[in-house]
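Chemist:
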Amino acid sequence: MKYTNLRWWLPKFLCLMAAFAFWVYVMNEQNPLVENSYTVPVEVRNLDRSLVALNVPQRVKVKIRMNRSDLVSMRSDNIKAYVDLDGFTDGDYPNTPIHISVPGNETVISQDQTYFDLFIDTYAVKSLPAQVEFIGALPAGFKAERKSTTPEYITVAGASSRTALADRAIISVNVAGKTKDFDEFDAVNILDADGNTVTGIDIMPTRVRVSVHMSEDQKTGNIPFKPIVKGEPAEGYKVSEITVTPPVATVKAPESYFDKNTVVELEEIDITGAKESVTKKIDIPKPENGMIIPGAVTVHVKIEKE
13 MKYTNLRWWL PKFLCLMAAF AFWVYVMNEQ NPLVENSYTV PVEVRNLDRS
63 LVALNVPQRV KVKIRMNRSD LVSMRSDNIK AYVDLDGFTD GDYPNTPIHI
113 SVPGNETVIS QDQTYFDLFI DTYAVKSLPA QVEFIGALPA GFKAERKSTT
163 PEYITVAGAS SRTALADRAI ISVNVAGKTK DFDEFDAVNI LDADGNTVTG
213 IDIMPTRVRV SVHMSEDQKT GNIPFKPIVK GEPAEGYKVS EITVTPPVAT
263 VKAPESYFDK NTVVELEEID ITGAKESVTK KIDIPKPENG MIIPGAVTVH
313 VKIEKE
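Each residue of the sequence shown is one higher than the last, beginning at 13 in the working numbering.
This is the structure we're talking about:
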């Protein structure tokens, strides 16, 4: 009976083995193992919030082996590259490993960087006053002046060794061709004591609002007054003389004012139908961003019979 059972079960077992071998063959032919490369970011895990990890590679390139059917659904964000810093304190850690985690039955074949030299520093925060630096060629006779910056202070944060280098917060403002006051938003650049840009730190905010006052160089000079008479005197009368007292103004104003004004025109005096001389006191308007002396003049229009 035992012999009979063996005679019947042996062919069945051999058939099962043949079927399994055939299945493996078909799977390798129809769904073979393939390899593909992915570039993934490196995460920092479990680091104390009072510390900062430096020199950590931004990304790593890994080669993964998988079934061809899995290749369709595999994405780089399914793969995790990380350094586990649980329990680490500040200091140097040479040959720190980069771990790779893949889903399912995929296998990591290689990675372009397996170890790196890690440095952990303490976290620090620093506040710097915002300093405005003007760049660009100003129009002749003009100068620029900072009115305000919003905010007035810049916060930098990061590793203590990096924030210690931060010496000043510079905002560069281009004033080329500017003649009027203006506001604009500009980027913040953190420099060290030698004027080099400090990198590897967080800057808050990264842009500030700058208000700039533009002014023109002042000049002082004398300009004659120009009286303006409107209308005609009565029939049989004429204007024999017009006098202004004082006849000349002393003006302090931007240089462009003198380029545009060779006289100071006065308010009109209406002499329509006049039979006698007209005298009028006239206030003198101040030039923009300047002053004028005197503040008023007396204009006398002498009218007499023809």
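C-beta atoms are modelled at their ideal positions from N, C-alpha and C, and glycine is treated no differently. These numbers come from a predicted model, not from an experiment.
Which same chain residues, not among the five before or five after Glu55, have their C-beta less than 8 Å away from its C-beta?
Modeler: Cβ within range, chain order: Lys92, Ala93, Tyr94 and Val95.
Chemist: DSSP three-state label for Glu318, please.
Modeler: Coil at Glu318, not helix or strand.
Chemist: Would you mind working out which of Phe131, Leu150 and Asn79 sits nearest Gly103, comparing C-alpha positions?
Modeler: Comparing Cα-Cα distances from Gly103 to each of Phe131, Leu150 and Asn79, the minimum goes to Phe131.
Chemist: Buried or exposed for Val64, going by 16 or more other Cβ atoms inside 10 Å?
Modeler: So Val64 counts as buried.
Chemist: Is it true that the segment 117-133 meets the segment 147-160, where meeting means three or more beta-carbon pairs spaced less than 8 Å apart?
Modeler: They do not touch, by the three-pair rule.
Chemist: Closest to Thr108 by C-alpha separation, out of Asn90, Ser252 and Asp129, would be which residue?
Modeler: Of the candidates Asn90, Ser252 and Asp129, the one whose C-alpha sits nearest the C-alpha of Thr108 is Asp129.
Chemist: Just to confirm the assignment: which complete beta strand (DSSP E) runs, minimum length 3, are found wholly within the segment 46-123?
Modeler: As far as the segment 46-123 is concerned, its whole beta strand (DSSP E) runs of at least 3 residues are 63-66, 71-79, 92-96, 103-109, 111-113 and 119-123.
Chemist: Assign Phe237 to buried or exposed, taking buried as 16 or more other Cβ atoms, counted over all protein chains shown, within 10 Å of its Cβ.
Modeler: Counting Cβ neighbours within 10 Å, Phe237 comes out buried, since at least 16 surround it.
Chemist: Rounding to the nearest angstrom, what Cα-Cα distance links Glu228 and Arg57 in this structure?
Modeler: Roughly 58 Å between the two C-alpha positions.
Chemist: Less than 8 Å between the C-beta atoms of Ile294 and Leu278, yes or no?
Modeler: Yes. Within cutoff.
Chemist: With a CB to CB cut of under 7 Å and the five nearest residues on each side skipped, what residues in its chain are close to Tyr15?
Modeler: Low confidence applies to Tyr15: its pLDDT is 47, below 50, so where it sits in the model is not reliable, and the reading given next is rough at best. Cβ within range, chain order: n/a, list empty.
Chemist: With Ala156 and Val200 assumed to form a contact (beta carbons below 8 Å), what rounded beta-carbon distance in angstroms separates them?
Modeler: Wrong, their Cβ atoms sit about 19 Å apart, outside the cutoff.
Chemist: Can you tell which of Tyr249, Gly302 and Ala261 has the C-alpha that lies nearest to the C-alpha of Ser289?
Modeler: It is Tyr249.
Chemist: Just to confirm the assignment: which complete beta strand (DSSP E) runs, minimum length 3, are found wholly within the segment 125-149?
Modeler: If we require 3 residues or more, the beta strand (DSSP E) runs fully inside the segment 125-149 come out as 127-147.
Chemist: Using C-beta distances below 8 Å, list every residue in its chain close to Ile183, excluding the 5 sequence neighbours before and after it, in chain order.
Modeler: Ala142, Gln143, Val144, Glu145, Thr161, Asp198, Ala199, Val200, Asn201, Val220 and Val222, listed in sequence order.
Chemist: Can you look up Tyr15 in the DSSP assignment and give me helix, strand or coil?
Modeler: Only weak support exists for where Tyr15 lies, its pLDDT of 47 falling under 50; the value from the coordinates is given anyway. It is helical.
Chemist: Figure out for me which residue from Ile283, Gly307 and Pro297 has the closest Cα to the Cα of Glu316.
Modeler: Glu316 has its Cα closest to that of Ile283, out of Ile283, Gly307 and Pro297.
Chemist: Excluding the 5 residues flanking Pro258 on each side, which residues of the same chain have their C-beta closer than 7 Å to its C-beta?
Modeler: Same-chain partners within the cutoff: Pro306 and Val309.
Chemist: Smallest Cα separation from Asp214: which of Thr274, Asp89, Arg71 and Ile166?
Modeler: Ranking Thr274, Asp89, Arg71 and Ile166 by Cα distance to Asp214 puts Ile166 first.
Chemist: Our contact map puts Ile235 next to Val260 with C-beta atoms below 8 Å; I'd like the distance itself, whole angstroms only.
Modeler: With 8 Å as the limit, Ile235 and Val260 qualify as a contact, their Cβ atoms being about 7 Å apart.
Chemist: For Phe10, which residues of its own chain have a beta-carbon under 7 Å away from its beta-carbon, when the five flanking residues on both sides are left out?
Modeler: Any answer about residue 10 is impossible in this case: the structure gives the chain only from 13 up to 318.
Chemist: In the DSSP assignment, find the unbroken beta strand (DSSP E) run with Asp229 in it and report its ends.
Modeler: Neither: Asp229 is in no beta strand (DSSP E) and is coded neither H nor E.
Chemist: Going by alpha carbons, who is nearest to Met216 out of Gly302, Leu59, Glu247 and Ser139?
Modeler: Among Gly302, Leu59, Glu247 and Ser139, the Cα nearest to that of Met216 is on Ser139.
Chemist: Taking the C-alpha atoms as reference points, what is the distance between Thr101 and Arg180?
Modeler: Roughly 30 Å between the two C-alpha positions.
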